[in-house]
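Its first residue numbered 48, the sequence shown is counted upward by one per residue in the working numbering.
Heads up, the beta-carbon is just placed ideally off N, CA and C, and yes, glycines get one too.
Here is the structure we will look at.
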Amino acid sequence: MNEPVMILGMTLPNFLQTISLLIAACALIFNALQVKALKIQNTQNEKKARQRATIDLALHERVDVSYLDCKKKFIEMRDSGNVNLTNLACDIKANKSQNDIVFAYLNHYEFLACGIFEEALDGGIYKRMRKTSVVNDWNALKPYIYELRKQRNNQKIYCEFERLVTQWENE
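Next comes the structure, spelled out in structure tokens:
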């Protein structure tokens with residue numbers, strides 16, 4: 048008299064339990080696919096943000112009056128032949144105005160290198176735009192930096208800048 052209802056060879060409670068399990072599995076798969084899609088989108092957005100930040104930095108370097116003035120003064124010192132950069136590092140206080148220019152220029156490169164290594168900036172884009180200039184400036188400033196490290200007994204001074212140039216030269 049009280050025969051259980053059968054669907055596809057299963058009792059009604061077993062059938063409902065099986066259907067619920069299948070629905071939950073489908074929902075889990077759907078959610079996993081959505082998470083994967085969001086992760087891909089987030090990665091693409093981060094890449095675009097790095098690229099935009101790099102382009103903004105490059106544009107800023109072309110219009111920032113204080114940076115352009117510092118760069119101009121550094122290039123004049125470097126190319127004039129009248130200033131020995133290594134000697135500047137030997138006596139920071141005696142050559143304060145010239146050292147301030149060199150430090151500002153070096154700090155820009157150290158900031159740049161840190162931004163690239165922390166992936167806040169796109170190193171590939173910046174490398175394509177400015178590799179030659181960066182490497183040439185490193186070669187001009189290397190004796191200064193080494194003397195500064197020796198004077199202060201600190202091998203970490205401007206190490207990110209050095210690491211960046213070394214990496215670029217070895218690629």
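Problem - glutamine 202: first and last residue of the uninterrupted alpha helix (DSSP H) it sits in - result: Position 155 of the sequence shown, counted from the first residue, corresponds to residue 202. Where glutamine 202 is concerned, there is no enclosing alpha helix (DSSP H), given that its DSSP letter is neither H nor E.
Exercise for the section: Hey, could you find the ends of the alpha helix (DSSP H) tyrosine 82 is sitting in? Expected result: Numbered from its first residue, the sequence shown carries residue 82 at position 35. Reading off the sequence shown, one finds valine at residue 82, where the question assumed tyrosine. Start and end: 59-110.
Handout entry: CB of methionine 176 within 8 Å of CB of isoleucine 148, strictly
Key = Walking along the sequence shown from the start, residue 176 turns up at place 129. Walking along the sequence shown from the start, residue 148 turns up at place 101. Contact flag unset, no.
Exercise for the section: Report yes if the C-beta distance between tryptophan 185 and phenylalanine 164 is below 8 Å; otherwise report no. Expected result: Counting from one through the sequence shown, the residue named residue 185 turns up at place 138. Counting from one through the sequence shown, the residue named residue 164 turns up at place 117. In this structure, phenylalanine 164 does not lie closer than 8 Å to tryptophan 185 by Cβ.
Exercise for the section: Could you round the C-beta distance between lysine 174 and tryptophan 215 to whole angstroms and report it? I think they count as a contact, below 8 Å. Expected result: Here residue 174 is taken as the residue at index 127 of the sequence shown, counted from 1. Here residue 215 is taken as the residue at index 168 of the sequence shown, counted from 1. Confirmed, Cβ separation roughly 6 Å.
Problem - Residues bridged to methionine 53 (per DSSP) - result: Translated into the one-based positions of the sequence shown, residue 53 becomes position 6. Thr58.
Exercise for the section: Assuming tyrosine 152 contacts phenylalanine 121 (C-beta within less than 8 Å), just tell me the rounded distance between them. Expected result: Along the sequence shown, one-based indexing puts residue 152 at 105. Along the sequence shown, one-based indexing puts residue 121 at 74. About 5 Å separates the two Cβ atoms, so the contact holds.
Handout entry: Cβ separation of leucine 55 and phenylalanine 62, assumed to be a contact under 8 Å, to the nearest whole Å
Key = As a position in the sequence shown, residue 55 is number 8, starting the count at 1. As a position in the sequence shown, residue 62 is number 15, starting the count at 1. With 8 Å as the limit, leucine 55 and phenylalanine 62 qualify as a contact, their Cβ atoms being about 7 Å apart.
Handout entry: Helix, strand or coil at lysine 189 [DSSP, three-state]
Key = In the sequence shown, the residue the question calls residue 189 occupies position 142. Note: lysine 189 maps to helix in three-state DSSP.
Exercise for the section: Return the chain-ordered list of same chain residues with a C-beta closer than 6 Å to the C-beta of valine 130, the five sequence neighbours on each side being excluded. Expected result: As a working note, residue 130 is residue 83 in the sequence shown. Closer than 6 Å at Cβ, skipping near neighbours: Met124.
Problem - Simplified DSSP state of alanine 234, which is helix, strand or coil - result: Since the first residue of the chain shown is 48 and the last is 218, residue 234 is not available in this structure.
Exercise for the section: Would you check if the distance between the CB atom of glutamate 93 and the CB atom of threonine 133 is smaller than 8 Å? Expected result: Taking the first residue of the sequence shown as position 1, residue 93 is located at position 46. Taking the first residue of the sequence shown as position 1, residue 133 is located at position 86. No, the pair does not count as a contact, with Cβ atoms beyond the cut-off.
Practice task
Might you give, ordered along the chain, the residues of its own chain that have their beta carbon closer than 7 Å to the beta carbon of glutamine 88, omitting 5 neighbours on each side?
Solution key: Numbered from its first residue, the sequence shown carries residue 88 at position 41. No residues qualify anywhere along the chain.
Practice task
With distances taken Cα to Cα, identify the nearest neighbour of threonine 101 among Gly170, Tyr205, Asn154, Ile192.
Solution key: Here residue 101 corresponds to residue number 54 of the sequence shown, with the count starting at 1. Here the closest residue by C-alpha is Gly170.
Exercise for the section: Note the first and the last residue of the continuous alpha helix (DSSP H) segment covering leucine 168. Expected result: As a working mapping, residue 168 is identified with position 121 in the sequence shown. No alpha helix (DSSP H) holds leucine 168; DSSP gives it neither H nor E.
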